[in-house]
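Heads up: the protein sequence lines correspond to chains A and B, in order. The first sequence finishes on residue 347 if you use the working numbering, and the numbering steps up by one all the way, no holes. The second sequence finishes on residue 347 if you use the working numbering, and the numbering steps up by one all the way, no holes. Where a beta carbon is used, it is the ideal one built from N, C-alpha and C, also for glycine. Worksheet: the structure to be examined is printed underneath.
Protein chains: 2
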Amino acid sequence: MSRLRWIAASVVAAFATASPAAAADDTLLLKQAQQLFKMLPKDMGTPDLPLTTARVELGRILFFDPRFTIDANMSCTTCHQPALYGTDGLATSIGVQQRPHPRNAPTILNSALSITHWRGDRDSVEDQVIKAMTSPITFGQPNEKAVLDRLARIPGYAPLFKAAFPDDAAAMTAQNIAKAIGAFERTLVTPSPFDAYLAGNISALSPTARVGLEKFINTGCIACHEGVGVGGTMYRKFGVMEDYWKATGSQIIDKGRVDVTKAPDDLYVFRVPSLRNVAMTAPYFHDGWVAALHDAVRVMARVQLGLTLTDADARDIVTFLDSLTGELPAKFGTIPALPPGAVPPVK
Amino acid sequence: MSRLRWIAASVVAAFATASPAAAADDTLLLKQAQQLFKMLPKDMGTPDLPLTTARVELGRILFFDPRFTIDANMSCTTCHQPALYGTDGLATSIGVQQRPHPRNAPTILNSALSITHWRGDRDSVEDQVIKAMTSPITFGQPNEKAVLDRLARIPGYAPLFKAAFPDDAAAMTAQNIAKAIGAFERTLVTPSPFDAYLAGNISALSPTARVGLEKFINTGCIACHEGVGVGGTMYRKFGVMEDYWKATGSQIIDKGRVDVTKAPDDLYVFRVPSLRNVAMTAPYFHDGWVAALHDAVRVMARVQLGLTLTDADARDIVTFLDSLTGELPAKFGTIPALPPGAVPPVK
Numbered sequence: 001m002s003r004l005r006w007i008a009a010s011v012v013a014a015f016a017t018a019s020p021a022a023a024a025d026d027t028l029l030l031k032q033a034q035q036l037f038k039m040l041p042k043d044m045g046t047p048d049l050p051l052t053t054a055r056v057e058l059g060r061i062l063f064f065d066p067r068f069t070i071d072a073n074m075s076c077t078t079c080h081q082p083a084l085y086g087t088d089g090l091a092t093s094i095g096v097q098q099r100p101h102p103r104n105a106p107t108i109l110n111s112a113l114s115i116t117h118w119r120g121d122r123d124s125v126e127d128q129v130i131k132a133m134t135s136p137i138t139f140g141q142p143n144e145k146a147v148l149d150r151l152a153r154i155p156g157y158a159p160l161f162k163a164a165f166p167d168d169a170a171a172m173t174a175q176n177i178a179k180a181i182g183a184f185e186r187t188l189v190t191p192s193p194f195d196a197y198l199a200g201n202i203s204a205l206s207p208t209a210r211v212g213l214e215k216f217i218n219t220g221c222i223a224c225h226e227g228v229g230v231g232g233t234m235y236r237k238f239g240v241m242e243d244y245w246k247a248t249g250s251q252i253i254d255k256g257r258v259d260v261t262k263a264p265d266d267l268y269v270f271r272v273p274s275l276r277n278v279a280m281t282a283p284y285f286h287d288g289w290v291a292a293l294h295d296a297v298r299v300m301a302r303v304q305l306g307l308t309l310t311d312a313d314a315r316d317i318v319t320f321l322d323s324l325t326g327e328l329p330a331k332f333g334t335i336p337a338l339p340p341g342a343v344p345p346v347k
Numbered sequence: 001m002s003r004l005r006w007i008a009a010s011v012v013a014a015f016a017t018a019s020p021a022a023a024a025d026d027t028l029l030l031k032q033a034q035q036l037f038k039m040l041p042k043d044m045g046t047p048d049l050p051l052t053t054a055r056v057e058l059g060r061i062l063f064f065d066p067r068f069t070i071d072a073n074m075s076c077t078t079c080h081q082p083a084l085y086g087t088d089g090l091a092t093s094i095g096v097q098q099r100p101h102p103r104n105a106p107t108i109l110n111s112a113l114s115i116t117h118w119r120g121d122r123d124s125v126e127d128q129v130i131k132a133m134t135s136p137i138t139f140g141q142p143n144e145k146a147v148l149d150r151l152a153r154i155p156g157y158a159p160l161f162k163a164a165f166p167d168d169a170a171a172m173t174a175q176n177i178a179k180a181i182g183a184f185e186r187t188l189v190t191p192s193p194f195d196a197y198l199a200g201n202i203s204a205l206s207p208t209a210r211v212g213l214e215k216f217i218n219t220g221c222i223a224c225h226e227g228v229g230v231g232g233t234m235y236r237k238f239g240v241m242e243d244y245w246k247a248t249g250s251q252i253i254d255k256g257r258v259d260v261t262k263a264p265d266d267l268y269v270f271r272v273p274s275l276r277n278v279a280m281t282a283p284y285f286h287d288g289w290v291a292a293l294h295d296a297v298r299v300m301a302r303v304q305l306g307l308t309l310t311d312a313d314a315r316d317i318v319t320f321l322d323s324l325t326g327e328l329p330a331k332f333g334t335i336p337a338l339p340p341g342a343v344p345p346v347k
């Protein structure tokens with residue numbers, strides 16, 4: 001038995017001492033689920049990062065604005081499209097000037113609940129924004145000043161920054177861009193039928209979804225995919241029982257977190273992704289090599305747990321995962337009209 | 001006096017026979033405006049192109065979906081962004097694989113009222129979609145089949161096509177993609193304060209905007225910018241009184257419609273663009289060379305009418321043009337959740 005399966009089995013056993021049939025009981029299953037998972041919060045603000053209306057609205061506008069990247073033709077929404085639930089549908093993203101991103105674009109929905117990026121090389125959603133500005137792939141700008149110069153050419157932005165950061169003498173700064181976009185992202189939570197279930201409404205999940213939830217727990221998926229995000233909070237080796245690239249057919253061998261930490265134990269280690277909205281965010285894994293969720297579930301069982309799931313088991317688990325899909329948040333699903341103005345033409 | 005100014009002067013004279021001061025009169029100005037312009041229709045459907053709910057919704061979804069272009073990373077919204085009022089904010093657009101578009105992306109708002117494209121080389125918004133699929137710049141696909149193959153990989157599309165085209169044995173066709181996207185586009189009208197004014201509400205325009213309207217008429221802008229779109233319906237030489245590229249400093253000399261028709265008279269001829277939402281769609285002209293609307297107005301007066309506008313005149317006209325900005329239509333400003341699924345990874 002793998003270590004992950006052993007952990008999962010221990011969790012299950014703690015609830016199943018009275019009767020072996022207990023897991024089939026809907027009330028017990030709900031109690032188990034309430035121990036393992038957590039409902040989404042109202043937002044992901046912190047005392048230090050207040051989600052004022054002006055700050056969130058500025059962040060939302062910046063998120064949709066393509067005029068700050070090197071060729072002024074890509075915005076945050078290019079790789080994090082609302083229509084695709086905050087992803088881009090690609091295996092690995094295509095950045096500015098057709099430069100390839102090395103990994104699959106994670107959704108920004110609920111993202112402030114997770115370790116940031118597949119390898120955890122960003123400290124927070126705000127840190128991600130700051131580093132994106134000068135990433136050769138993401139913004140492609142040589143420095144933060146180049147971004148600020150573009151902003152300054154669009155007269156409508158100054159009052160928006162002033163309103164969002166009223167106490168700052170100079171409001172239009174790279175740090176404030178990051179705080180504003182971070183504030184916007186921290187509002188993007190997607191309550192789902194599973195949250196209604198966790199609140200006590202058993203029928204919010206269909207009987208099949210509840211069977212899937214039980215299998216999700218008993219198979220051992222919950223050893224990593226737990227908590228409010230159903231994942232997102234820990235690092236794990238991808239490919240415990242066998243190499244992931246053999247199981248998926250991927251032609252990309254990614255060393256993962258070792259390239260960040262230089263610690264040999266971090267070879268092939270990635271963050272465990274949150275499974276919220278997973279049904280809407282194909283393709284799967286850090287390399288996006290698997291297109292169908294059903295296949296992704298079977299790959300995970302195989303490489304992480306050493307199990308071969310039946311098609312029926314995988315189908316039930318997928319039905320449970322479907323219940324993690326929430327509505328697109330209104331702030332993300334409606335488009336702000338940007339302050340008008342052209343930045344210098346790119347020739 | 002240039003021919004355009006002569007036409008404009010004739011129109012004005014027809015209303016101004018009673019008293020030279022009559023143009024200052026608000027009621028007379030409204031009557032003039034009602035003769036020269038027209039309120040937007042409810043939509044831009046035709047008997048042959050019905051705007052059924054299913055067809056419009058399918059078109060809207062397709063419009064936002066990036067998975068059909070060659071690298072699956074650009075959708076119609078890339079160059080026609082809702083946040084930028086259906087344009088991309090660039091002088092000239094950047095297509096798939098960083099390939100340059102030769103001209104400025106026109107807004108799709110109200111676009112079915114206008115000649116399609118700067119050179120009129122598309123017959124309709126539907127014809128534009130069909131040709132975009134195999135344009136090396138726009139979709140970059142080798143043929144329509146490649147687009148349809150992508151569509152077929154996303155299971156959620158078949159029922160949407162069936163609902164949109166219930167009488168077609170094979171609903172998922174390139175023609176129907178074009179009809180659906182066209183249907184969506186034909187809903188995108190943007191009623192503005194100017195429409196309320198044309199309906200008889202004089203105070204829908206500020207006094208300055210009304211002065212600007214009067215100057216717009218009397219200067220001769222209305223010789224070309226007339227009708228429901230305040231332009232969009234005729235071809236004109238750009239650069240009547242002098243070469244436009246000299247007046248704008250543009251380094252692009254575009255021969256215009258002559259490259260389409262091969263008729264020598266079409267040298268430097270372009271469609272007259274609609275001025276609806278013009279304040280939101282910088283930069284200006286077919287080459288996007290001019291960033292500010294105030295400058296664009298002065299360039300037009302100079303090269304088309306041989307006039308040097310004062311700053312005050314240009315400002316007043318810009319204030320009038322501001323009144324042509326409507327609300328972003330709800331169907332364009334809210335984002336549909338796309339049918340989930342990944343197309344083959346692009347490596």
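- With distances taken between CA atoms, THR325/B lies nearest to ALA204/B out of LEU309/B, ALA204/B, GLY249/B and TYR268/B.
- Taking each of LEU267/A, ILE61/A and THR92/A in turn and checking the Cα distance to THR77/A, the smallest one comes out for ILE61/A.
- In this structure the stretch 323 to 343 of chain A touches the stretch 185 to 192 of chain A; the number of beta carbon pairs closer than 8 Å is three or more.
- Chain-ordered, the chain A residues with CB closer than 8 Å to the CB of THR334/B read GLY333, THR334 and ILE335.
- Annotation: ASN110/A has no Cβ neighbours in chain B at a cutoff of 8 Å; minimum Cβ distance is about 16 Å.
- Counting along the chain, the unbroken alpha helix (DSSP H) around ARG60/A starts and ends at 53 to 64.
- Residue range 269 to 271 is occupied by the beta strand (DSSP E) that includes ARG271/B, with no alpha helix (DSSP H) assigned at that position.
- Listed along chain A are GLY89, each with a C-beta nearer than 8 Å to that of ARG67/B.
- Within the stretch 41 to 65 of chain A, ILE61, PHE64 and ASP65 place their CB atoms closer than 9 Å to a CB of chain B, listed in sequence order.
- Residue range 125 to 134 is occupied by the alpha helix (DSSP H) that includes LYS131/B.
- Runs of alpha helix (DSSP H) with 4 or more residues, each lying fully within the stretch 131 to 217 of chain A, are found at 144 to 152, 157 to 164, 174 to 185 and 193 to 198, listed in chain order.
- Under the rule that a run must span 4 or more residues, the alpha helix (DSSP H) segments found entirely inside the stretch 243 to 290 of chain B read 244 to 248 and 258 to 261.
- The Cβ atoms of LEU293/A and ALA282/A sit closer than 8 Å to each other.
- About 7 Å separates the CB atoms of ILE335/B and ILE335/A; that is less than 8 Å, so the two are in contact.
- The stretch 218 to 235 of chain B makes contact with the stretch 29 to 49 of chain B, as at least three CB pairs between them are under 8 Å.
- Counted as a single uninterrupted DSSP element, the stretch harbouring LYS31/B is not any beta strand (DSSP E) but the alpha helix (DSSP H) occupying residues 26 to 36.
- The alpha-carbon separation between ASP265/B and TYR235/B amounts to approximately 11 Å.
- For LYS331/A, the enclosing alpha helix (DSSP H) stretches over residues 330 to 333.
- At least one beta carbon of chain A lies nearer than 8 Å to the beta carbon of MET280/B.
- Close to chain A, meaning a Cβ-Cβ distance shorter than 9 Å, are the following residues of the stretch 70 to 88 of chain B: ASP71, ALA72, ASN73, MET74, SER75, THR77, THR78, CYS79, GLN81, PRO82, ALA83, LEU84, TYR85 and ASP88.
- When Cβ pairs closer than 8 Å are counted between the two stretches, the stretch 121 to 138 of chain B is seen not to touch the stretch 303 to 318 of chain B, the count staying below three.
- Residue-level contact check: GLY326/A does not touch chain B, since none of the beta carbons of chain B fall below 8 Å from its beta carbon.
- Nearest Cα to LYS42/A within the set ASP71/A, ALA112/A and LEU58/A: ALA112/A.
- Interface residue (Cβ-Cβ distance to chain B less than 8 Å): PRO273/A is not classified as such.
- Closest in alpha carbon position to CYS221/B, among ARG298/B, ILE115/B and ASP71/B, is ARG298/B.
- Counted as a single uninterrupted DSSP element, the alpha helix (DSSP H) harbouring ARG302/B occupies residues 293 to 305.
- Comparing alpha carbon positions, the residue from LEU275/A, MET280/A and PRO344/A closest to ALA291/B is PRO344/A.
- ALA342/A reaches chain B at GLY89, ALA282, PRO283 and ALA291, counting residues in chain order whose Cβ is nearer than 7 Å.
- Residues of chain B whose Cβ lies closer than 7 Å to the Cβ of ILE94/A are, in chain order, ASP71 and ASN73.
- THR325/B carries a coil assignment under DSSP once its states are collapsed to helix, strand and coil.
- In the pairwise beta carbon analysis, the stretch 86 to 95 of chain B is classified as touching the stretch 268 to 285 of chain B: at least three pairs are separated by under 8 Å.
- Judged by DSSP in its simplified three-state form, ILE108/A adopts coil rather than helix or strand.
- When 8 Å is used as the limit between beta carbons, GLN97/B is near these residues of chain A: GLN98, in chain order.
- For LEU160/A, no Cβ of chain B is located within less than 8 Å of the residue's own Cβ.
- Judged by pairs of C-beta atoms under 8 Å, the stretch 66 to 81 of chain A touches the stretch 97 to 108 of chain A, as three or more such pairs exist.
- Think of a sphere of 9 Å around the beta carbon of LEU338/B: the chain A residues whose beta carbon falls inside it are GLN81, ALA83, LEU84, TYR85, GLY89 and MET280, in chain order.
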